[in-house]
Amino acid sequence: MTSILLIGESDEHGEVSQSTLQAVAAAKSLSEPNITVTFSGDAPASASSLSVDSIVSISAVSNSDDGIYEQSTAEIASLVTSNNPDVVLLSKSDFGSLVGARLAFRSDLSFAADCTELSNENGALVVTRPVYGGSALAEFIVASTPAVVTLRAGAYEPSTETGSPAIESIEPQSIEQFAYVTDTVAETRDGVRLEDAGVVVSGGRGLGGPEPFSVLKDLANALDGAVGASRAACDAGWIDHSHQVGLTGKSVSPDVYIAVGISGASQHMAGCSSSRAIVAINKDADSNIFKEARFGVVGDWEKVLPSFLASVRELKA
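Sequential numbering of the sequence shown, starting at 3, is according to this note's numbering.
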């Protein structure tokens, strides 16, 4: 039996996040899993029907934790000590990435980041994750447990199974906090989160400026998707860095990733290589993106996108 401590998160609506449901599916793919889900703060009401063994909520501690996560890390470290799980599983969100790394360092645990698949092999945990800037996937056997694992968004379909887990609430411990947030700025976002989108329309340096991103946004809205960007486009100030996809940005795994004016550098592909299908639109026929794409259009985006958008709208009408 594999004992799993899954660190759950709530979405902006106070429900169990899609990334948490994906992590539940990943956990259930392991042989005979015993799954405990813990939430920083009160567990969402919808958590009571998760198909897991138990729920532990840490009262009065929020997932935001003032953006520093000292309290959350301390509470989870305490649960790891008391529960001694084989795997501590988190989503590769801002919260999961920061807490996972801190937890592994603090508790001297194995750490596997940005995993796309989990499996068992002769009783050992095997993880699959991108290597060489996302140009390949490699399997690693985790030699020691407990192990901290972060799961790439979209790597698994969200679990739809239901259950009746035992629910427990515990009081947070008192810790000495050394850093404090002095100010916060709320991110404004229209539509679906980039990490949760089934379709991502991304633009790169080949767009030539910020104005074309309005066309990409129209296409993304028509496809019920989200807008992404390369680092070059973000660094140029054409679009906010919250849209950046790549090694130093966000990792996405949509059903369809449409890359417009993106060359296909390994640093960018590291963030989108697990997409189910990549569609490339680029006027440079020798661009590396066509080696990664399932479908490609060699042409000027200014001629291709308007007709593409019109066709999408016609089909949805």
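All residues carry an ideal CB built from backbone N, CA and C; glycine is no exception.
Under 9 Å between C-beta atoms of residue i and residue j
i, j, result
"V281", "A295", "yes"
"A115", "V144", "no"
"V202", "I260", "yes"
"L7", "L81", "yes"
"P209", "V258", "For clarity, residue 209 is Leu in the given sequence; the question names Pro instead. Result no, Cβ atoms of L209 and V258 do not sit closer than 9 Å."
"S5", "N85", "yes"
"V254", "E197", "yes"
"G301", "M271", "no"
"L1", "S93", "With the chain running from 3 to 319 in the structure shown, residue 1 is simply not present."
"G205", "P214", "yes"
"I283", "G273", "no"
"E188", "R207", "It should be noted that the sequence gives Ala, not Glu, for residue 188. Their beta carbons are not under 9 Å apart, which means A188 does not touch R207 by this criterion."
"H243", "V229", "no"
"I169", "I57", "yes"
"A287", "A157", "no"
"T164", "S59", "no"
Selection from the options that minimises the alpha carbon distance to residue i
i, options, result
"E320", "D220, I78 and L32", "In the structure as shown, the chain starts at 3 and stops at 319, and residue 320 therefore has no counterpart that could be examined."
"S327", "E197, S21 and R108", "For residue 327 there is no data in the structure shown, the boundaries of the chain being 3 and 319."
"A47", "S19, L111, G206 and K318", "S19"
"L225", "A312, T147, E119 and S59", "A312"
"D2", "I264, G251, F113 and D185", "No statement about residue 2 is possible, as the shown extent of the chain runs from 3 to 319 and does not include it."
"K293", "V306, W303, S275 and F310", "S275"
"K30", "D55, V187 and E14", "D55"
"F41", "A28, G98 and A235", "G98"
"E11", "E34, N36, P35 and S74", "S74"
"P87", "F297, S109, I70 and Y71", "S109"
"S171", "A272, R131 and V39", "V39"
"N290", "R278, A279, K305 and I264", "I264"
"R104", "G136, V150 and A138", "V150"
"V183", "I70, V314, C236 and A319", "I70"
"D13", "D44, C236 and T186", "D44"
"R131", "G16, A155 and L221", "A155"
"L221", "F107, W303, D286 and S50", "W303"
"A279", "P256, K285 and D286", "P256"
"A25", "E17, S59 and C117", "C117"
"V89", "L317, I9 and A76", "I9"
"K219", "R233, D237, A238 and D192", "D192"
"G211", "S232, R195 and N223", "S232"
Coarse secondary structure for residue i, derived from DSSP in three states
i, result
"E34", "coil"
"Y259", "strand"
"N86", "coil"
"Q175", "coil"
"N122", "strand"
"S66", "Only weak support exists for where S66 lies, its pLDDT of 49 falling under 50; the value from the coordinates is given anyway. It is coil, neither helix nor strand."
"F180", "coil"
"D55", "coil"
"I312", "The identity of residue 312 in the sequence shown is Ala, whereas the question assumes Ile. Helix."
"D116", "strand"
"L225", "coil"
"A238", "coil"
"L111", "coil"
"G156", "coil"
"I78", "helix"
"V217", "helix"
"A28", "helix"
"K285", "coil"
"S1", "There is simply no residue 1 to check, as the chain begins at 3 and stops at 319 in what is shown."
"A163", "With the sequence shown as reference, residue 163 is identified as Glu, and Ala is not the correct amino acid for it. E163 falls in the coil class under three-state DSSP."
"I264", "coil"
"S230", "Checking the displayed sequence, the identity of residue 230 turns out to be Gly instead of Ser. The answer is strand: DSSP assigns G230 an E or B state."
"V101", "helix"
"G210", "coil"
"A106", "helix"
"E14", "coil"
"K318", "helix"
"G306", "The sequence shown places Val at residue 306, rather than the Gly named in the question. Three-state result, V306: helix."
"L7", "strand"
"K293", "helix"
"L196", "helix"
Any non-hydrogen atom of the ligand HEM within 8 Å of residue i CB
i, result
"T164", "Because no ligand of any kind appears in the structure shown, any question about the ligand HEM cannot be addressed here."
Test: residue i CB closer than 9 Å to a CB of chain C
i, result
"L249", "The structure shown contains no chain C; it holds only a single protein chain."
> Using 8 Å as the threshold, is the region 120-135 in touch with the region 175-194, meaning 3 or more CB pairs across them?
Replying inline: no
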